[in-house]
Every structure is written in structure tokens, then in C-alpha cells.
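Q: Below are the C-alpha cells for one structure; questions will follow.
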Amino acid sequence: MNIILLGPPGAGKGTQARTLVEERGMIQLSTGDMLREAKDSGTEMGKRVADVMARGELVTDEIVIGLIREKLEGENGGGFIFDGFPRTLAQADALDALMAETGQTLDAVIELSVEDDALVARITGRSTCANCGEVYHDVTKPIPADGKCTNCGGTEFKRRADDNEDALKNRLMEYYKKTSPLLGFYYAKDMLKRVDGLAPMAEVKASIAAILD
Ligand code: AP5
Ligand code: ZN
């Protein structure tokens, strides 16, 4: 099964995608993670996108479509989870074409809906394990008292350069201007499923499982 997780910054896309990878062997394709990796490893493309990402604006369609194209030709495992892609109608059209070219189909688009007020608290409280990428939150999923990652035992945690209120406002604006039209697009294709992303993580996970099974 190939699915899209769609929702504003902080909706919980990455958190739920990691669970699906662990429990179902699906493959997470997060364009945000791919871009951060390019930035951290200092590639030319990484250098070009760093400032745009730090401001919370979208990088060009061309760059992210190129990243996804490479992955679709690779191993499909238990299915792809598109996390943070597509984010524009042009990206959605490109994904349709790429799936057709590689003989694959898109099975569902799951919207994680969360109110804007909650997103600010989610984003400003987030940290991730520098070693394995496990996602934590100061209040809802704190780093254990012994300072060790529950997943890998790592002891270094980091916060993202774009997880501040100014960048978040731009990320939200980009979401409403360019990404939210995708909700109508996939609704019209009869593919949109809505999940209450404000519910506790385990409940969100169960709602997604009910759609997949
Ligand atoms: P990206 O990395 O995709 O960031 P985002 O969409 O802003 O999403 P986040 O990763 O911030 O949130 P999430 O929904 O994964 O939430 P999480 O699970 O971490 O993109 C970053 C940038 O890259 C973009 O701004 C753009 O510049 C560029 N980019 C990426 N893709 C692009 C594309 N396709 N086109 C153009 N540009 C692109 O959860 C958040 C927090 O909440 C965590 O602390 C978590 O522990 C907590 N939490 C999660 N679920 C719950 C719950 N149910 N209850 C309580 N707390 C919860
Ligand atoms: Zn870890």
C-alpha cells in the first residue's frame, strides 16, 4: 500500500510514519528529511536550500520531484509513505505521473488535522535524537530522565533551525496557500481520509491502522 500523510507542520506526519516503518516495514519518503540530509552533508543542492528552509518557505518543485523520482525507482518494501510530499498541485501531478511510469498506484491520502494553536506548542516543544531521528516533545513525549533515547540509547538531541515562531508562521502560510488545495484535489479523487491529529499518538496510530487494514 502506498499512502500520503498530509497535514500542516507539526501535525504528526513524521511521528506516525516512523511507527508504520517499524511495524509494517513500509518505506518513509520524507522530503524534509532528504533536504536536511543534503544540507548536513554540504552538497551543492543542500547549500542552495538551507536558507529557504530556515525561513520556512518551500523549496522548488523541481528539486523535491527529483528527490522523489530517485526513490520511486528503488525498493518499495511494504509500501511507500509520502511524508511532506506532495506540497503543491504541481508536485501532486508529478507524483501521479511518476507512479504511473513505475507501475505503482497511490492507495490513500490521510489528512492529519490539527488546529493552528496546537501546532505552535508541538513545534516549539520538539526535539529529535541526533543518532536515530526519534521524535520527542518536551511535554507529550519527553526525553527519558536518564537522558538516553528510548530507541537507540543515543544521548544527543537536537532542535531544528526552522522550529521557531517566525519560521513556523511562514511554514503555516505556505501550507495554507500552496498545500491545503491538495485536500480538495484528493477529495475529488475519492482518496482523502481524515484523522483527528489532536488525539493522543496511540489513537492517531489506531485510526491510521483502521484505514490501512
Ligand atoms: P518537513 O520536514 O516536511 O516539515 P513539516 O511539514 O513542517 O513537518 P514537521 O516535520 O515539522 O512536522 P510533522 O507533521 O512531521 O510532526 P512531528 O511528527 O515531528 O519540511 C521542512 C521544510 O523542508 C519545509 O518548510 C520546506 O522548506 C522543505 N520541504 C520539505 N518538503 C518539501 C516539499 N515537498 N516541497 C517543497 N519544500 C519542501 O510532530 C511534531 C511534534 O508533536 C513532535 O514533538 C511530536 O512528538 C509531537 N506529536 C506528534 N503527534 C502527537 C500527538 N498525537 N499528540 C501530542 N504530541 C504529538
Ligand atoms: Zn535515538
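If you're matching positions, the sequence shown starts at 1 in my numbering and goes up one per residue.
Glycine included, C-beta positions come from ideal geometry on N, C-alpha and C.
1. Only counting the same chain, and skipping five residues up and downstream in sequence, which positions put a Cβ closer than 6 Å to that of residue 72?
2. Provide the residue span of the beta strand (DSSP E) that contains residue 195, from first to last.
3. Can you name, in chain order, every residue of its own chain whose Cβ lies under 7 Å from the Cβ of residue 91, other than the five neighbours on each side?
4. If you drop the 5 nearest sequence neighbours on each side, which residues of the same chain put their C-beta closer than 6 Å to that of residue 134?
5. So for residue 108, helix, strand or coil by DSSP?
6. With which residues is residue 128 paired in a DSSP beta bridge?
7. Please report how far the alpha carbon of residue 82 lies from the alpha carbon of residue 70, in whole angstroms.
8. For residue 80, write down the residues that DSSP places opposite it in a beta bridge.
9. Would you give the residue range spanned by the alpha helix (DSSP H) that residue 143 belongs to?
10. Specify whether the segment 105-117 and the segment 185-197 touch according to this definition: at least 3 beta carbon pairs, one from each stretch, less than 8 Å apart.
11. When you compare each of 28, 213, 2, 144 to residue 105 by their alpha carbons, which one comes out closest?
A: Straight from the coordinates:
1. 98, 102
2. 192-196
3. 61, 64, 65, 85
4. 149, 151
5. Correct three-state label for residue 108: strand.
6. 135, 158
7. 14 Å
8. Partner(s): 27.
9. Run containing residue 143: none; DSSP gives neither H nor E here.
10. yes
11. 2
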